[in-house]
Amino acid sequence: MPDAASHEKMTTVPRGELLRIEKSSIHDGEGLRSVVFFKGCPMRCAWCSTPESQCFVPEIGIDRSKCVRCGACAATCPLGAIRLDDDALSVDRATCDGCFKCAAACPKRAIKKYGFSASVDEIVEEVSKDDVFFFHSDGGVTLSGGEPCAQPEYAAALLSRLRAQGIHTTIETSLFVPWEDAAAIIPHLDAVFVDVKHMNPEQHEKWTVADNALILENIQKIDASAHPVDITIRVPLIPGINDDDANLQDTLRDKLKAIELLPYHRLGLATYRLLDKEYALNDTQIQPWEWCAERARFLSSCKPSVPVIAGGSLF
Ligand code: SF4
Ligand code: SF4
């Protein structure tokens, strides 16, 4: 039983702003995993495949292909944020406060809700339903996003509770957060996946809105920290942007469990349209698998002691 002081601390942890929970993932750490996606990210990578995770608060997406122009959403909105004009259904997202009355009113389910808030207890209860799968597959829970380290108090409390139940914990992060926020979370982790977008600071800023100094500093601090945690560097491999020899070689470090290449894809494109957001890489083409495999072989040849993974295979 928690004592009075720890109970007080638990009840003051804020609720988390989350996007969704995906179960039985095999791509986000060891074994079968439940992945808890957080809302909110301080970066804006040009190739982001989950634009619905970028905003820190819940937001609506409108599938105009399902809309029958009945006007129920506009009539329901208490803030007048939805307009149905002759030629278009539009949302004033600066006015919208995320009440989702429009989504409830829509007879065609054309309005999606991206985001929900939940307590630590609620998420622990939900993911614990898969305890048996974690046990038999050496799996566990992965926090992803969005950026889980941008909600440090909630993420730390959630991870702490999961570990207390013997559940293996992992995080996917850019580490683009103040060190204090990352440091609050690291002690509750068994493994860390750090997304490294580009090793050149100017190129990093060009494609993500900020340079990479804070990220590289935080990786060094984890390397030097007393808490032993496995770091895997993940590189979202974007053709013509970060797939050159020099950039890949620069990602190699001494203390690494592995490097993983994630080939470019465009699976988030439809969601950009639902959110009325522009996709920045319209001219970038998806490459054949051999492109990624060749880049993995090259990386492996540079430093054979560091395992290189791509498409679930070891190179
Ligand atoms: S979520 Fe609420 S405020 Fe926003 S458009 Fe819908 S009804 Fe209006
Ligand atoms: S309520 Fe749904 S179907 Fe009706 S206008 Fe709004 S989005 Fe379209």
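Every number in this note's numbering is 42 more than the matching position in the sequence shown, counting from 1. By construction, the Cβ of each residue, glycine as well, lies at the ideal position given by its N, Cα and C atoms.
Any non-hydrogen atom of ligand 1 within 7 Å of residue i CB
| i | result |
| --- | --- |
| LEU121 | yes |
| PHE142 | yes |
| ILE104 | no |
| ASP318 | no |
| CYS97 | no |
| CYS138 | yes |
| THR212 | no |
| THR118 | yes |
| SER166 | Position check: residue 166 holds Val in this sequence, whereas Ser was assumed. Incorrect: VAL166 has no Cβ contact closer than 7 Å to ligand 1. |
| VAL133 | yes |
Three-state secondary structure (DSSP) of residue i
| i | result |
| --- | --- |
| PHE218 | coil |
| GLU336 | helix |
| ALA116 | helix |
| TYR314 | helix |
| ASP272 | strand |
| PRO44 | Legend: pLDDT at PRO44 = 44, less than 50; position of this residue unreliable, value from coordinates given subsequently. Coil, per DSSP. |
| ILE283 | coil |
| TYR156 | strand |
| SER33 | Only positions 43 to 357 of the chain appear in the structure, and residue 33 is not among them; the question remains open. |
| THR250 | helix |
Cα-Cα separation, residue i to residue j
| i | j | result |
| --- | --- | --- |
| VAL348 | HIS69 | 19 Å |
| PRO220 | HIS230 | 17 Å |
| PRO100 | ASP253 | 27 Å |
| PRO146 | VAL350 | The question names Pro, yet the displayed sequence has Ala at residue 146. Taking the straight line joining both Cα atoms gives about 47 Å. |
| SER161 | GLY188 | 18 Å |
| GLY122 | ASP139 | 11 Å |
| ASP272 | LEU311 | 32 Å |
| ASP285 | CYS344 | 14 Å |
| VAL251 | MET85 | 6 Å |
| ALA338 | SER159 | 39 Å |
| ARG276 | ILE261 | 13 Å |
| LEU200 | VAL166 | 7 Å |
| GLY223 | GLY58 | Note that residue 223 is Asp in the sequence shown, not Gly. Cα to Cα, the separation comes out at about 15 Å. |
| CYS90 | GLU164 | 28 Å |
| VAL174 | CYS119 | 44 Å |
| ASP296 | GLU336 | 22 Å |
| ALA197 | PRO190 | 6 Å |
| HIS246 | ASP318 | 25 Å |
| ASP129 | LYS108 | 15 Å |
Sub-8 Å separation of residue i and residue j beta-carbons
| i | j | result |
| --- | --- | --- |
| THR215 | VAL238 | no |
| ARG205 | THR212 | no |
| LEU294 | CYS334 | no |
| ILE153 | CYS112 | no |
| LEU74 | SER66 | yes |
| ASP105 | LEU316 | yes |
| ILE257 | LEU217 | yes |
| GLY103 | THR184 | no |
| ASN88 | ALA266 | The sequence shown places Ala at residue 88, not Asn. Taking 8 Å as the Cβ cut-off, ALA88 and ALA266 do not qualify as a contacting pair. |
| ILE63 | VAL234 | no |
Residue i beta carbon near ligand 2 (any heavy atom closer than 7 Å)
| i | result |
| --- | --- |
| ARG125 | no |
| LYS150 | yes |
| ARG111 | yes |
| CYS90 | no |
| ALA147 | yes |
| LEU114 | Reading off the sequence shown, one finds Ala at residue 114, where the question assumed Leu. True, at least one ligand heavy atom lies under 7 Å from that Cβ. |
| ILE328 | no |
| ILE280 | no |
| ILE228 | no |
| ILE264 | no |
Closer than 7 Å: residue i CB and nearest ligand 4 heavy atom
| i | result |
| --- | --- |
| THR211 | In the structure shown, ligand 4 is absent; the only ligands present are ligand 1 and ligand 2. |
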